[in-house]
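As structure tokens, the structure follows; a few thoughts come after it.
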Amino acid sequence: MLRCEHCLLAFPEREAVRDGERVFCCTGCRGVYQLISAEGLGSFYQGRRWDEPGLAVDPARPVDAGAFREAVRSVEGGLAELDVYIDGIRCASCVWLNERLLARLPGVASARVNYATHRARVR
Numbered sequence: 072m073l074r075c076e077h078c079l080l081a082f083p084e085r086e087a088v089r090d091g092e093r094v095f096c097c098t099g100c101r102g103v104y105q106l107i108s109a110e111g112l113g114s115f116y117q118g119r120r121w122d123e124p125g126l127a128v129d130p131a132r133p134v135d136a137g138a139f140r141e142a143v144r145s146v147e148g149g150l151a152e153l154d155v156y157i158d159g160i161r162c163a164s165c166v167w168l169n170e171r172l173l174a175r176l177p178g179v180a181s182a183r184v185n186y187a188t189h190r191a192r193v194r
């Protein structure tokens with residue numbers, strides 16, 4: 072059994088997605104690992120202290136863009152604000168990583184993730 076470089080999930084070698092010396096359980100984990108590295112956030116991997124894999128995500132599940140548009144509200148300063156639920160928040164490193172990646176998106180002024188509720192408030 073191998074262990075995914077990103078999520079730490081154990082998986083059989085025949086299912087490995089390789090990227091040089093690194094192995095991943097799926098292309099999603101490889102993509103997130105590459106994104107984290109490209110954005111200069113590699114310290115995420117140094118600080119994590121969890122041994123169990125994260126939650127499985129179904130990438131085929133469609134996203135309802137209309138629901139997002141309906142949930143956006145205007146706030147002071149001419150900003151728009153959206154609260155979203157982020158499935159699979161496991162630790163402070165998840166909060167740190169999500170806040171930094173969200174804040175780097177064009178048009179995002181700030182992003183705060185609440186560990187207890189797994190909700191992100193994005194302005």
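Using my numbering, read the sequence shown as starting at 72 and increasing by one per residue.
The beta carbon of each residue, even a glycine, is placed where N, CA and C say it ideally should be.
Could you please give me the residues that DSSP links to residue i through a beta bridge?
i	result
residue 81	74
residue 190	156 and 185
residue 145	151
Please list, in chain order, all residues of the same chain as residue i whose beta carbon is under 8 Å from its beta carbon, the five residues on each side excluded.
i	result
residue 146	152 and 194
Between which residues of its own chain and residue i is the CB-CB distance below 6 Å, once the five residues before and five after are set aside?
i	result
residue 93	76
Helix, strand or coil for residue i, going by three-state DSSP, please let me know.
i	result
residue 170	helix
residue 179	coil
residue 140	helix
residue 88	strand
residue 93	strand
residue 237	Only positions 72 to 194 of the chain appear in the structure, and residue 237 is not among them; the question remains open.
residue 112	coil
Leaving out five residues before and five after residue i in sequence, what residues of the same chain have Cβ atoms less than 7 Å from its Cβ?
i	result
residue 166	160, 184 and 186
Would the beta-carbon of residue i fall within 9 Å of that of residue j?
i	j	result
residue 182	residue 192	yes
residue 89	residue 82	no
residue 173	residue 110	no
residue 142	residue 155	yes
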